[in-house]
Every structure is written in structure tokens, then in C-alpha cells.
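Below you'll find the structure, written out as C-alpha cells, and then a few comments.
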Amino acid sequence: MSRVVVSGLQVALSSSKADVVTDANFTIGSGEIVGLVGESGSGKTTVATAMLGHTRKGAEIVKGSVTIDGLDILSLSAGALRSARGRVISYVPQDPAAALDPCMTIGRHLREAVKAHESTAGVDWNARLAELLRDAGLDDIDGLLDRYPHELSGGQRQRVCIAMAFACKPACVVLDEPTTGLDVTTQSHILDSVRRLAREHDVAMLYVTHDLAVVEDLADRLIVMYAGRIVEQGPVRNVFHNSAHPYSRALMATTPDVRARLQLQPIPGVAPLVGHRPSGCAFADRCTQAADRCREEIPAQVTVGVGHEAACWFAADVSTERSPLTVRSELVFANDVPILEAEEIRAGYKGREVVHGTSLSIGRGECLALVGESGSGKSTLARSLIGLSDQVTGRLRLNGEEVPLGIRERSLSQRHALQYVFQSPRSSLNPRRTIFESIEAPLLIAPKPTAAVRRERVFEALEQVGLGPSFGPRFPDQLSGGERQRVGIARALVCEPEVLICDEITSALDVSVQASIIELLEGLQREHGLSVLFITHNLALVRTIAHRVIVLKAGHVVEEGSTAETLEHPSHEYTQTLIRDTPSIVAPLTSDS
Amino acid sequence: MTSAQANSHAEQRPRSAWSVTWRTALHQPRTRVGLALSGFVVGLALLGPLFSSGDPNEFIGAPFIGPTGQALLGTDFLGQDVMQRLLHGGRTLLWMSLTATILGVLIGLAIGMISGYTGRRVEGSLMWFMDVILAFPQIVLAIVFVSMLGPLPWLIVLVVALTHIPRVARLTRSLTADCVRQEYIEAAKTIATPRSRILIREVLPNLTTPLAVETTIRLAWSVSIIAALSFIGYGVQPPFPDWGLMINENRIGLVVQPWSVLAPVVLVAMLAVGVSLVGDGIARAASGVDERVSQ
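Chains A and B supply the protein sequences, listed in that same order.
Using this note's numbering, the first residue of the first sequence is number 1, and each one after it goes up by one.
Using this note's numbering, the first residue of the second sequence is number 594, and each one after it goes up by one.
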């Protein structure tokens, strides 16, 4: 029986009345976990918060109902809604660091969550709080209850948020990307707890995420959203391996996997923004199957299987290829002439050594992945290679020639040969300078080429990253995240580098955009013989792009080898754990057969 | 990647964030009122002497006579024409407050940017020195210097500028420190961009809007302080016509001939309020623009 029924939910902007979410219908059963996936701007978080009767500022719930155990959340008065939140439905936010009050102890957080809804006279707090912690997979060791949020790890904080959400045994819990920003091992443990809690307490759970592999592992059913509408929903296996909507297939085809080297296929075009959504199917412009009918009429939900629906005119067409996953052959690297060699690099900051004597070498045209969890020292190592670290010792050779470790001691050609692409598409470009100026900046260091040459090189770099010269006079805020990241790459390419250091360059991007950036990098390697040091925490991505992989743990290299070999047969225990904890789409597929 | 969004972008002419902010500010009534008020006073002070028909120091009748056909605003405590003195009395105030503001903002900006960028020891000592200046109320500091060295116009300008420096420096230091943490500064460092170029080309453009707001606040302060110094007799000396001085000279006749006091009071207030309104308009526009950008 369904505990939660959402029907006809519509959320619109208060100012322009443009729909953010249109006509969302779904149910969640008792003890069921429903995954809600979509890229940024698809309206998934809006749906999640609307289930608690809340919208962000500037938007409002126009129509629809959210019924939980017969109680319509959206028709409640402000007071009744307040008492329903936490007792009937509760919420686990994305960022636990911001969700917990830094001035309150963990114990007080939990007590407050209980007190808000229950009479607490004569309650045995010790037993009650210990039970809450145990449920969320925490122990009250080291006086956890008396500690403050900053004294906990990210994973522990998220568990506290989960404990608070479950404190009053609600009927429904909404989790909004609770493991984003956590390491895979922590994520895996939290997902275990979430799964167990849903079963034990018979809670209806909505798990919002952008990570398809996570829901494949966790959820019973899956909802896929695109441009404010639910385009497909059904049992997880069916949606994954028998997708009825072209967008679901396209989305899966952009997702890398640790178990197999998948062909990543970027989705052409961009999703329509709120207020600019077309009258027909919103995906029509990016869809390979689109017909005239798709552009004129919004497709209705069609049942394609047991509990499996899709909003596509061709959903029932059985002749289409349903499985989106294509496996590619493994990358093999033949050229072993090293272009960049680092020996015994010791680096750190604020007087603390983070990288303890690490050596690595990159071959010409090779893509070397540097993998590690947060705090493993991978960014510190990368920064010391590019010359930004003030606390570093070791030796660095480029084409066999010694390179000084400080950036200011390096010659112009040495600086140009090694280039860095930054992580955040938001902060890596100066908001007050045009794209042209940002890309041109490296060429303005004396001896600088003439204005005409600079102009030509900037446009050439823009062309190489798939952006036209029309981007030159624009400002970063006029670009999408993927476009900004391309500009970041163009800024490196304008120097005509030999080695590109990419520091988590896709971690802030949607998977479909990530796929197009990966495609771009592969193209650059093929055409220009560029060597790439690809720093990431995402093992699945490594499988797709890297020839070789280095695994870093607490500043030490624990494993090194060819990508296929290392990921198939990891020798170090740490690597084995990492691979086991990385969620996979392919794993259940292969274990079935 | 580029199709739909690129097309919609290609139509609009790219504009810098500052010009967007300024245009948005101009749409607000408060900015327009502010510009009108301060524009009127500035115009009057600059062009006033051209319209005046007589000598502001000429005695035209008995003291404290109400408005007549000959003297539109009556006479002051010595029997001079209030209107004539008003037309001549704004220039000094204007150039002194402008110079003091520009000087204070520029030096404060430089100190703030350098300490925000370098951090640690340089920041510590510079900011410690700023805190010392900040400990004195602006007007007290001005009185101390002027009473020691005499009521010299350039001294007043320097002292008022000095009192602005720490306030501007504090603001720009924190803005610069925020800016320096961004990855585009790192990107500039990876190609060994000289520090001066990083500060001027990467950091400074990000400070323009808050700096514009701060400058208007400082200008409003300069106007009030310099007028106040004149009022208490530390500014321009009689018989030179000056708005601040006029308020002081004529206040004994406030009941008999209120125009002689109210007219300069209103003008000084209009200038200070007008400049503040413009600053407020820019600040509001900027926060709105930032909101839209971050969406």
C-alpha cells in the first residue's frame, strides 16, 4: 500500500508564473526507497522540498497534493504544517555542515528534534539518544553527544542529520543528495544505514540524487526528471536496463562505471531553462528520435511494464534499443618515454607535511589518473607540481630537463609547458573580466606576442574547446558551468602546453556535461598528443579516461598500474575497499547473467 | 552545448557587471532623487559665482532683514546679502570634500589591497595602525590637528582624508582577502603574473561596486565634517563666504531672520543626503545584480 501519494504537484515562480515543476505524480510505498534523479535545473530538489510544503524564496506551490497516511500536507495551516514536519515527514539536507548549528552540541540537536513533537516528561534521555544514534549507525563513544558539529567528520555529521530525521519515527523521509561531498567508503556506509532504516521502520523514503549509480544500488523504484517533469518512473532494474524514455537512456549513457570502460555519450544541446520550456516535449531538441509530434504535443505517461511508465510518444515502441550501455575496449598505452617526472616530492601547508616523498612520471600523450579520497594529498601534490606550493622539496623534470619547484623561478617555456585546470567552474574565472581577457591573460606576461597574434591564439583555443569566437566578449555569468569549464581548459591550451593538470575538473558538473568534457579531453589527447594528469576521487571516471592510475592514501602512493589491471585486480587493500564501495550500474547487470 | 543558450546570449550585448549595476541603480527612484539633489547643490556651488551680480562681502543694509526684492534671502548678521554669499560659499566646501574623499579612498584602497593580498605580518601591522586611527572619532582627530597647526585648508583636507583611510582600508582588505581565495587568482599565479598586475587586473575590478558605494558614504561624511569644522570656526576664516561658517555666524539671528541659517543648512544637507542616496541605490542594485548572477 502506498504511504505517500503525490498528485498533480505544480510549483511555479511567483514573479513570472513560469513552472519549475509541472504535474508531478508518484507514490511511495511503506518501506520503499524511491530514487529521484535528474540534472541540475530539472526540479528534483523543488519536488523534494515541496513534499514538506516548502519552496525556496521566489517560488510557490500552485497546485497538487502530497498525501501521507491520509494527511494532505499541502492543505495544512502553518501551525499544523510545523507539527507535521519531523513527525510525519522529515528531511535530510545535502550539506550537514550547514544544517547543524555550530553552537549546539549533538545531544542538544537530537533532544530538540524529539522535544519538538513529543511530551518528554519522564523520558530516559540516555536510552533514547543512544537508540537514535545506534539507528543511524553511530555510537556514543568519546562522549559524542557532548561534542559540537565541528568536532565530527562529514560522515558523522550526516549521520546526526539522519538520526534527527528519524527521531520521531516519521512516515516519510526525504533525503536530498545526502552523500554528495562524502568519500565513497563513507557514502557506502551511510547508504547501508539508510537502507536498513527504511526497512526497519517501514518508512517511505525519497532519495534525491544526481548519481545514477547510487540509486541503482539503493532504490527500489526510480523517478527520472527532466525540465520540471517526470519523464520516466518504474522499478530500478526496468528503468536502467529497459529504459523507455530517450532521456533516461541518454543520461545513463553519460554515466561512467568502475566495472567496465563504458562509451560516454554526451547529450547534445542544453536543457531548457525555467520560463523557456517548449510547448511540446522538452527533450525533443536533444532527442535523436524526435518527430514533429514531439515538438507540438506534450507526451502523456504511457505504461510500458508493471509499474513502469514513461512520457514519450515512442515509449511503447519495442523496436528501439533499450539498453544504453556500450562497453569500449580498455585503454592501452604504448609510449613509455616520460615527459614529466617528479621524484620524492614532499609537500604540505601551514608547516604540516601532507605528501610524503611521492614519485610519479607521465608519458608523452598519456593520461595518468591520480586517485584518492579527500585529505589524501592529491591536490597538494598537484599544486606542488604546478609551482604553487611554498612548502615543497623534491625534483621535477620536464623532457629530462630539471625544472625549479617555485613558479617564479621557472622560465616562460617551462611555465607554458605545464598548465593547470581548476576545479570550480564558478570561481576559476574572474567574474569582472570577459572570456577573451581571461584566456588572453597568460599571453600578457613579457615577452608578449603582438595583439594580432594573441587574438588569433585566443580564438584558436576557443575553437579547440568547442566554443566559437562569439564567446570572447561575454562575461562568465553568461555561461553555463560546462562552458565555463571549457574556458578554463582554453586558458590552459592558449599556452600550448605539453602537460595538462586537471584537478577534479568535472566534480561540479552534471554527468551529461562531464561526458562532453571527457570527450573534449580525449580529443585533445588524440589530436595534440597532450599528456594529462587527471586528479579525481571518482574511480568510474578513471576507468573511462586514464591509461594508468596512481592511488594515493594519506600522502603515500599505495598502488600504481595500468587502469584495467588495477581496477580489475587491485592488490592493495585500500584500493580494493575503494572499488568495492564505488556504486556501479554494470555490477548487477553482470552478476545477473 | 552551445545551441540554445548561445543563441539567446548572442542577441544580448555583453555588458560588464558594473555597467549593469549602474543601469539598475538608475532605474531606482532613490538614485534619481539622490542625483538630482546632489547635482543641484554641486551645480549651484560651481556655477553660483557666475550668476551672482554683486560682491558677497558688500554691506547692503541693516543686519537680519527678511527677504526683499533686492536681497531674495534677506541679509545676514553684518548686513551682507545672504543670496550672494550662498552663491559664492559652496566651492570651498566642494573641492575640499572631494579632494579629501578621493585622497582617503585611494590611500585606503592601496593599503587595504596590499594587506588583504599579502596577509599575515604586513596585514597585521598595517591594520594595527589603522585601528589606532580608527579609535579617534573623525571630528576629534580633525580638531586636534587643526587646533595645533592652524585652520589651513590643505591641512583640513589631509586630516579628513586621514580619517577616511582606515575605514576604506578595512573594507577593501576584507574584499581583497575574499577575492584572493578564488581560483582565478591561483590561475594568475600559475603563470607567474606579477603581484601588481594581479592586484590591478584581477582584484581591483571586483572591488569597483562596493568601492563606489563606500566613496559616496565617505563623500557625505567629508561634506558634513568640513562643514562642521567651518561651523565651529576651524575652517575657512571670515569674511570669506562659506556655508558652514554662515550657519555659525547667523545662528544668533535664527528667530529674526531664519533664511540666513536655513538656506546653507538645507544646501549642506541636500548634498550629504543626495550623495548617500546615490550610494544606497548602487548598493541595492549591486545586491540585486549579484543575486541574479548567482541564480
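Each residue gets a CB set at the ideal place from its N, CA and C atoms; glycine is no exception.
Would residue i be called buried (16 or more neighbouring beta carbons within 10 Å of its own) or exposed?
| i | result |
| --- | --- |
| arginine 134 of chain A | exposed |
| isoleucine 505 of chain A | buried |
| leucine 578 of chain A | buried |
| threonine 103 of chain A | Inspection of the sequence shows that residue 103 of chain A is occupied by cysteine rather than by threonine. Exposed, since its Cβ has fewer than 16 Cβ neighbours within 10 Å. |
| phenylalanine 436 of chain A | buried |
| tryptophan 721 of chain B | exposed |
| glycine 712 of chain B | exposed |
| asparagine 600 of chain B | Low confidence applies to asparagine 600 of chain B: its pLDDT is 40, below 50, so where it sits in the model is not reliable enough to give any reading. |
| leucine 745 of chain B | exposed |
| valine 34 of chain A | buried |
| glutamate 674 of chain B | This sequence places aspartate at residue 674 of chain B; glutamate is not what is there. Buried. |
| tryptophan 747 of chain B | exposed |
| asparagine 238 of chain A | buried |
| isoleucine 61 of chain A | buried |
| isoleucine 545 of chain A | buried |
| arginine 606 of chain B | Confidence at arginine 606 of chain B is low in this model, with a pLDDT of 48, below 50, so the placement of that residue is unreliable and no value is reported for it. |
| phenylalanine 657 of chain B | buried |
| tryptophan 125 of chain A | exposed |
| methionine 594 of chain B | Residue confidence is low: methionine 594 of chain B scores 37 on pLDDT, short of 50, so the model does not pin down where it sits. No coordinate-derived value is stated. |
| isoleucine 585 of chain A | buried |
| methionine 689 of chain B | buried |
Do residue i and residue j have their C-beta atoms within less than 7 angstroms of each other?
| i | j | result |
| --- | --- | --- |
| alanine 446 of chain A | valine 465 of chain A | no |
| arginine 364 of chain A | serine 562 of chain A | no |
| glutamine 289 of chain A | proline 246 of chain A | yes |
| isoleucine 704 of chain B | valine 753 of chain B | no |
| arginine 293 of chain A | glycine 269 of chain A | no |
| valine 4 of chain A | cysteine 168 of chain A | no |
| glutamine 263 of chain A | threonine 326 of chain A | yes |
| arginine 383 of chain A | leucine 429 of chain A | no |
| tyrosine 207 of chain A | serine 42 of chain A | no |
| glycine 568 of chain B | phenylalanine 670 of chain B | With chain B represented from 594 up to 888, any question about residue 568 of chain B goes unanswered, as that position is not in the structure. |
| arginine 221 of chain A | glycine 31 of chain A | no |
| serine 708 of chain B | arginine 766 of chain B | yes |
| threonine 186 of chain A | glycine 155 of chain A | yes |
| valine 37 of chain A | leucine 212 of chain A | yes |
| proline 583 of chain A | glutamine 576 of chain A | no |
| arginine 82 of chain A | leucine 52 of chain A | no |
| valine 557 of chain A | valine 549 of chain A | no |
| threonine 303 of chain A | glutamate 297 of chain A | no |
| valine 513 of chain A | threonine 255 of chain A | no |
Report whether the distance from the Cβ of residue i to the nearest heavy atom of the ligand SAH is below 6 angstroms.
| i | result |
| --- | --- |
| leucine 679 of chain B | Although the ligand SAH was asked about, the structure shown includes no ligands whatsoever. |
I'd like to know whether the C-beta of residue i is nearer than 7 angstroms to at least one C-beta of chain E.
| i | result |
| --- | --- |
| aspartate 581 of chain A | Absent from the structure is chain E; the protein chains it does hold are A and B. |
task = With a floor of 3 residues, list each beta strand (DSSP E) that falls wholly inside the segment 327-382 of chain A, ordered by position along the chain.
result = You should have 338-349, 352-363, 367-371.
**Request:** Quick one: which residues of the segment 758-787 of chain B get their C-beta closer than 7 angstroms to a C-beta of chain A? List them in chain order.
**Result:** Hits within the stretch, in order: Gln775, Glu776, Tyr777, Glu779, Ala780, Ala781, Lys782, Thr783, Ile784, Ala785, Thr786.
Quiz item: Which parts of the segment 466-539 of chain A are runs of the alpha helix (DSSP H), unbroken and 4 residues or longer, counting only runs that do not cross its ends?
Solution: 481-493, 511-528
Could you tell me which uninterrupted beta strand (DSSP E) segments, each at least 3 residues in length, are contained entirely in the segment 205-244 of chain A, listed from first to last along the chain? 221-226, 229-235
Looking at chain B, which residues of the segment 398-414 of chain A have a Cβ within less than 8 angstroms of any of its Cβ atoms? If the cut-off is 8 angstroms between Cβ atoms, the segment 398-414 of chain A has Ile407, Arg408, Arg410 near chain B.
Closer than 8 angstroms, Cβ to Cβ, to anything on chain A: give me those residues from the segment 792-803 of chain B, in chain order. Arg794, Glu795, Pro798, Asn799, Thr801
request  = Residues of the segment 197-229 of chain A with a CB closer than 7 angstroms to any CB of chain B: list them in chain order, please.
outcome  = none
Item to complete: Tell me, please, whether the segment 677-690 of chain B touches the segment 817-834 of chain B by the rule of three or more beta-carbon pairs shorter than 8 angstroms.
Response: yes
Contacting positions in the segment 439-460 of chain A - beta carbon closer than 7 angstroms to chain B: Ala441, Pro442, Ile445
Contact residues within the segment 377-390 of chain A, judged by C-beta distance below 8 angstroms to chain B
Ile386, Gly387, Leu388
Decide yes or no for the touch test of the segment 345-358 of chain A against the segment 507-519 of chain A: beta carbon pairs closer than 8 angstroms, at least 3 of them.
-> Short answer: they don't touch.
Quiz item: Would you call the segment 715-730 of chain B and the segment 792-799 of chain B in contact, with 3 or more CB pairs under 8 angstroms?
Solution: no
Could you give the uninterrupted runs of the alpha helix (DSSP H) lying entirely in the segment 52-84 of chain A, keeping only those of 4 residues or more? 78-84
Jot down the residue ranges of each uninterrupted beta strand (DSSP E) in the segment 701-753 of chain B, minimum 3 residues, whole runs only, in chain order.
none
- Can at least three beta-carbon pairs, one atom from the segment 172-182 of chain A and one from the segment 190-198 of chain A, be found at a separation below 8 angstroms? yes
What are the residues of the segment 328-354 of chain A that lie near chain B, defined by any Cβ-Cβ distance shorter than 7 angstroms? Per Cβ criterion, the list is empty.
I want to know whether the segment 151-168 of chain A touches the segment 86-96 of chain A - three or more CB-CB distances under 8 angstroms. yes
May I ask you to list, following chain order, the residues of the segment 229-257 of chain A that have a beta carbon less than 8 angstroms from some beta carbon of chain B?
-> none
Do the segment 94-113 of chain A and the segment 145-154 of chain A make contact, defined as three or more Cβ pairs closer than 8 angstroms?
Cβ pair count under 8 angstroms is three or more, so yes.
Alpha helix (DSSP H) runs wholly inside the segment 262-308 of chain A, at least 4 long, in chain order: 292-296
Under 8 angstroms, with one C-beta from each stretch per pair, do the segment 447-466 of chain A and the segment 392-399 of chain A reach the 3-pair mark?
Under the Cβ criterion (8 angstroms, minimum of three pairs), the segment 447-466 of chain A does not count as touching the segment 392-399 of chain A.
Checklist entry - Are at least three pairs of beta-carbons, each pair with one atom in the segment 859-876 of chain B and one in the segment 770-784 of chain B, less than 8 angstroms apart? => result no
*Runs of alpha helix (DSSP H) wholly within the segment 389-465 of chain A (minimum 4 residues, chain order)*: 412-417, 435-440, 451-464
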